[in-house]
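Read the structure below first, then the notes.
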Amino acid sequence: MNLWKEFTKGLIDENPIFRLALSLCPALAVTSNVYNALGMGLTVMFVITCNNMIVSTFRNVIHPKVRVPVYIISIATIVTVAMLTLEAFFPILFKELGIYLALVVVFAIILARAEVFAAKNKVIPSMIDGLGMGAGFTLGMLVIGTIREMIGNGSFMGYQILGSWYQPPLIVILAPGGFIVIGFIIGFMNLSEERKKQKKEKSEIAAGGTI
Numbered sequence: 007m008n009l010w011k012e013f014t015k016g017l018i019d020e021n022p023i024f025r026l027a028l029s030l031c032p033a034l035a036v037t038s039n040v041y042n043a044l045g046m047g048l049t050v051m052f053v054i055t056c057n058n059m060i061v062s063t064f065r066n067v068i069h070p071k072v073r074v075p076v077y078i079i080s081i082a083t084i085v086t087v088a089m090l091t092l093e094a095f096f097p098i099l100f101k102e103l104g105i106y107l108a109l110v111v112v113f114a115i116i117l118a119r120a121e122v123f124a125a126k127n128k129v130i131p132s133m134i135d136g137l138g139m140g141a142g143f144t145l146g147m148l149v150i151g152t153i154r155e156m157i158g159n160g161s162f163m164g165y166q167i168l169g170s171w172y173q174p175p176l177i178v179i180l181a182p183g184g185f186i187v188i189g190f191i192i193g194f195m196n197l198s199e200e201r202k203k204q205k206k207e208k209s210e211i212a213a214g215g216t217i
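Numbering (the numbering used here), first residue to last: 7 to 217.
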């Protein structure tokens with residue numbers, strides 16, 4: 007198994023937000039600024055990686071009929087550890103993320119990777135899969151958060167980068183703005199992929215004509 011390929015697949019080709027359209031709730035709710043987006047992204051990366059490792063370790067002893075409750079208990083335990091850690095060392099971020107931290111327990115991407123990958127593979131590949139999917143989720147959150155904060159507030163990571171002349175459109179930092187930003191990003195990615203496909207087809211046709 008190519009571990010590098012397993013890691014990188016979650017960045018673009020199987021990006022949880024832009025390709026799989028999973029866990030869109032936090033992508034809309036906590037990406038009004040980069041700081042919150044990064045905090046949620048890293049939290050999900052930690053949870054999904056740890057859960058993948060646990061599920062993979064005990065995959066041969068978990069009865070198929072109770073696998074989902076076991077996955078949920080595992081995820082809930084890890085999320086609790088993550089929440090206590092954030093509350094102790096990053097209280098401001100903990101307060102900003104609020105109820106969405108608890109909702110990490112039911113994020114579809116975490117349960118999906120446990121069911122689709124970790125339950126069928128060894129620990130190391132499962133860990134790499136979790137890291138890759140978590141990195142892809144974090145990357146997606148950062149991209150959305152950066153666009154929304156810069157356009158909606160004229161700032162980056164809380165630092166004002168646009169002067170007083172800039173009048174930010176409020177809708178960008180609201181939930182509808184999140185939908186619009188995600189839609190534009192997905193559209194851009196689809197357009198880019200379509201153009202690459204067309205170039206590949208043209209090159210193949212040209213190569214065939216040459217032969």
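Yeah, the Cβ is synthetic: ideal placement off N, Cα and C, and Gly gets one too.
Close beta carbons around L92, own chain, < 8 Å, minus the five adjacent residues each side: The beta carbon of L92 lies closer than 8 Å to those of G45, T49, L99, F100, L103 and L107 in the same chain, with the five residues before and after it left out.
Endpoints, alpha helix (DSSP H) assigned at A114: First-last of the alpha helix (DSSP H) with A114: A114 to V122.
For S161, the three-state DSSP class (helix, strand or coil): It is a strand residue.
Which listed residue (F113, G47 and R154) has its alpha carbon closest to that of I191: The shortest Cα separation from I191 among F113, G47 and R154 belongs to R154.
L197 classed as buried or exposed, judged by whether at least 16 other C-beta atoms fall within 10 angstroms: Classification of L197: exposed, given that the 10 Å Cβ count is below 16.
Whole-angstrom distance between G138 and G47, CA atom to CA atom: G47 and G138: Cα-Cα distance of roughly 12 Å.
Rounded C-alpha distance that separates A124 from A114: So the two alpha carbons sit approximately 14 Å from each other.
Beta-carbon gap between T37 and M156 smaller than 7 Å: Not a contact, by the Cβ cut-off of 7 Å.
Outcome for R119 when other beta-carbon atoms lying within 10 angstroms are tallied against a minimum of 16: Buried, since its Cβ has 16 or more Cβ neighbours within 10 Å.
Extent of the continuous alpha helix (DSSP H) run through S80: First-last of the alpha helix (DSSP H) with S80: R73 to F95.
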